[in-house]
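Trainee: Position 169, counted from 1, in the sequence shown is what the UniProt record's numbering calls 169; the numbers after and before it change by one each time, with no gaps. Okay, here's the structure, questions in a sec.
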Amino acid sequence: MPSSDTDSSRLALFAERRPVALFFTLAIATSWTVWIPTLSVLPHGNVRLLAIVPGAFGPLVAAATVTMLRGESARQWLVGALAWRRSARWYAVAVAVPLIVSVVLLGTLVGLTGSLDLTAGPEVAALLGFNLVFASLLGGGQEEFGWRGFALPHLQARYDALTASLLIGVVWAIWHAPMFVFGVYSENPVLYVLGILAFAVVLTWYYNSSRGQLLGAVVMHGTHNAAVNVPPMLVEGANTVAVPYEGLLAAVYWVVALVLLGRYGRTTLSSEAPVEPTWANQRGDEPTAQPSSTFGSDD
Numbered sequence: 001m002p003s004s005d006t007d008s009s010r011l012a013l014f015a016e017r018r019p020v021a022l023f024f025t026l027a028i029a030t031s032w033t034v035w036i037p038t039l040s041v042l043p044h045g046n047v048r049l050l051a052i053v054p055g056a057f058g059p060l061v062a063a064a065t066v067t068m069l070r071g072e073s074a075r076q077w078l079v080g081a082l083a084w085r086r087s088a089r090w091y092a093v094a095v096a097v098p099l100i101v102s103v104v105l106l107g108t109l110v111g112l113t114g115s116l117d118l119t120a121g122p123e124v125a126a127l128l129g130f131n132l133v134f135a136s137l138l139g140g141g142q143e144e145f146g147w148r149g150f151a152l153p154h155l156q157a158r159y160d161a162l163t164a165s166l167l168i169g170v171v172w173a174i175w176h177a178p179m180f181v182f183g184v185y186s187e188n189p190v191l192y193v194l195g196i197l198a199f200a201v202v203l204t205w206y207y208n209s210s211r212g213q214l215l216g217a218v219v220m221h222g223t224h225n226a227a228v229n230v231p232p233m234l235v236e237g238a239n240t241v242a243v244p245y246e247g248l249l250a251a252v253y254w255v256v257a258l259v260l261l262g263r264y265g266r267t268t269l270s271s272e273a274p275v276e277p278t279w280a281n282q283r284g285d286e287p288t289a290q291p292s293s294t295f296g297s298d299d
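Structure, rendered in structure tokens:
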């Protein structure tokens, strides 16, 4: 029908002009469409946690949709995103950073409580290994195809790396809102937002430094989700310290983020140039502007 064709043309034009804005909108809409009706009826428990998984693919679905609306190949984008770009050491870095953060958090909790219970160590280690694989594949890592695999390169064609990171971090936090509304997450939402903003900066450093090694970002995200929950399991009275655990987590990641900003600067957050967005690789186009700290109007 003519009206349908017109609507499709308008959507394609919007995807062409404002791909990141459309991606953010679709990512939130897709995930919330799954989460809100599901979380509103299911009781707390493992079934409810598993029901979150389909909605976590929202950023990936949104990125593929915008790519196709722009007349590009979603398959080519996905293959390019999954390409092995650097040596295995960057995968080691992806695992090491969240583990080091977790060790620092463990040491902080021990210092604050004077307690360390290693009797559950073997069980916690086994759980960590399982959660690392699960979180990378289904429990958070898959989000990276949208946040870092699509949004970050497009934003860095217009903004500096820090601004791009914070923009993604804000939307990323909003995307998680149903987790707080329906009681899936019990953390202080303000501290959670501060932590996710810092983690977004760290992930940008990793993505740029590894020249767009998206699988490594997937592994880093998965390792983070698996590892940061371990320290409270090993410290009796961890929930009684004056500073909430999510506040300590945010503080440690902000220290890491500020060190990276001091070392590399806000423009690229890396010694490498930012990775070009998919449209530049497929069409041979050039970005319309150099990265800057000033907000533009197109994305």
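Just so it is clear, CB atoms sit at the ideal spot from N, CA and C, and this is done for glycine as well. This one's a predicted model, so the numbers in the text were calculated from it and none came from an experiment.
Distance, Cα to Cα, Ala161 vs Leu50?
Mentor: One-based indexing of the sequence shown puts residue 161 at position 161. One-based indexing of the sequence shown puts residue 50 at position 50. Their Cα atoms are separated by approximately 34 Å.
Trainee: Measuring alpha carbon to alpha carbon, tell me which of Arg148, Gly265, Pro19 ends up nearest Thr204.
Mentor: Against the sequence shown, residue 204 aligns to sequence position 204. Of the listed residues, the one whose Cα sits closest to Thr204 is Arg148.
Trainee: Measure how close the beta-carbons of Asp117 and Leu269 come, nearest whole angstrom, since I'm counting them as under 8 Å.
Mentor: Along the sequence shown, one-based indexing puts residue 117 at 117. Along the sequence shown, one-based indexing puts residue 269 at 269. No, Asp117 and Leu269 are not in contact; Cβ-Cβ is about 38 Å, not under 8 Å.
Trainee: Rounded to whole angstroms, what is the Cα-Cα separation between Val256 and Gly58?
Mentor: Your numbering for residue 256 matches position 256 in the sequence shown. Your numbering for residue 58 matches position 58 in the sequence shown. Here the C-alpha atom of Val256 lies approximately 28 Å from the C-alpha atom of Gly58.
Trainee: What are the start and end residues of each continuous alpha helix (DSSP H) run of 4 or more residues lying completely inside the region 68-128, in chain order?
Mentor: Entirely contained in the region 68-128, the alpha helix (DSSP H) runs reaching 4 residues are, in chain order, 74-81, 89-113.
Trainee: Can you name the start and end residues of the alpha helix (DSSP H) that Trp254 belongs to?
Mentor: Residue mapping note: residue 254 aligns to position 254 of the sequence shown, counting from 1. Start and end: 245-264.
Trainee: Measure the alpha-carbon distance for Trp90 versus Ala62 and round it to whole angstroms.
Mentor: By 1-based counting over the sequence shown, the position of residue 90 is 90. By 1-based counting over the sequence shown, the position of residue 62 is 62. Roughly 27 Å separates the two Cα atoms.
Trainee: I'd like to know whether the C-beta atoms of Ala238 and Leu109 end up nearer to each other than 8 Å.
Mentor: Taking the first residue of the sequence shown as position 1, residue 238 is located at position 238. Taking the first residue of the sequence shown as position 1, residue 109 is located at position 109. Yes, the Cβ-Cβ distance between Ala238 and Leu109 is below 8 Å.
Trainee: Could you have a look at Phe182 and say whether DSSP puts it in helix, strand or coil?
Mentor: One-based indexing of the sequence shown puts residue 182 at position 182. Note: Phe182 maps to coil in three-state DSSP.
Trainee: Classify Ile100: buried if its beta carbon has 16 or more other beta carbons within 10 angstroms, exposed otherwise.
Mentor: In the sequence shown, residue 100 corresponds to position 100, counting from 1. Counting Cβ neighbours within 10 Å, Ile100 comes out exposed, since fewer than 16 surround it.
Trainee: What is the DSSP secondary structure of Glu276, counted as helix, strand or coil?
Mentor: Here residue 276 refers to the residue found at position 276 when the sequence shown is read from its first residue. Glu276 carries a coil assignment under DSSP once its states are collapsed to helix, strand and coil.
Trainee: Quick one: what does DSSP say residue 303 is sitting in, helix, strand or coil?
Mentor: Examination of residue 303 is not possible in this model, given that the chain is present from 1 through 299 alone.
Trainee: Under 8 Å between the Cβ atoms of Phe145 and Leu214?
Mentor: The residue you call residue 145 lines up with position 145 of the sequence shown. The residue you call residue 214 lines up with position 214 of the sequence shown. Against a cut-off of 8 Å, the Cβ pair of Leu214 and Phe145 comes out as a contact.
Trainee: Please list, in chain order, all residues of the same chain as Ala173 whose beta carbon is under 6 Å from its beta carbon, the five residues on each side excluded.
Mentor: Here residue 173 corresponds to residue number 173 of the sequence shown, with the count starting at 1. Answer for Ala173: Val193, Ile196, listed in chain order.
Trainee: Once the 5 residues before and after Leu166 are set aside, which same chain residues still bring their CB inside 8 Å of it?
Mentor: The residue given as residue 166 occupies position 166 in the sequence shown. The answer, listed in chain order, is Leu197, Ala200, Val201.
Trainee: Can you tell me whether Arg148 is helix, strand or coil according to DSSP?
Mentor: Numbered from its first residue, the sequence shown carries residue 148 at position 148. DSSP places Arg148 in helix when its eight states are reduced to three.
Trainee: At a cut of 8 Å, does the region 169-184 reach the region 218-231 through at least three beta carbon pairs?
Mentor: no
Trainee: State the Cα-Cα distance for the pair Pro274 and Glu236, rounded to the nearest angstrom.
Mentor: As a working note, residue 274 is residue 274 in the sequence shown. As a working note, residue 236 is residue 236 in the sequence shown. When rounded, the distance between both Cα atoms is 44 Å.
Trainee: In terms of alpha-carbon separation, which member of Leu69, Ala21, His44 lies closest to Leu11?
Mentor: Along the sequence shown, read from residue 1 onward, the residue named residue 11 stands at position 11. Nearest of Leu69, Ala21, His44 to Leu11, Cα basis: Leu69.
Trainee: Pull up the distance between the alpha-carbon of Asp259 and that of Glu143, whole angstroms please.
Mentor: Here residue 259 is taken as the residue at index 259 of the sequence shown, counted from 1. Here residue 143 is taken as the residue at index 143 of the sequence shown, counted from 1. Note on residue identity: the sequence assigns Val, not Asp, to residue 259. Taking the straight line from one Cα to the other gives about 26 Å.
Trainee: On the CB-based measure, 16 or more other CB atoms within 10 Å of its CB, does Arg158 come out buried or exposed?
Mentor: Taking the sequence shown and counting its residues from 1, one reaches residue 158 at position 158. Arg158 sits buried, since 16 or more C-beta atoms from the chains shown fall within 10 Å of its C-beta.
Trainee: Looking only at its chain, what residues have a beta carbon closer than 7 Å to the beta carbon of Ala164, apart from the 5 residues adjacent to it on each side?
Mentor: Sequence index remark: in the sequence shown, residue 164 carries index 164 (1-based). So the qualifying residues of the chain are Leu152, Leu155, Gln156, Thr204.
Trainee: Once you ignore the five residues that flank Val104 on each side, which residues in its own chain have a CB closer than 6 Å to its CB?
Mentor: Within the sequence shown, residue 104 is the residue found at index 104, counting from 1. Around Val104: Val252.
Trainee: Taking the alpha carbon of Val190 as the reference point, which residue from Tyr245, Arg18, Gly265 has its own alpha carbon closest?
Mentor: Your numbering for residue 190 matches position 190 in the sequence shown. The residue with the shortest Cα to Cα distance from Val190 is Tyr245.
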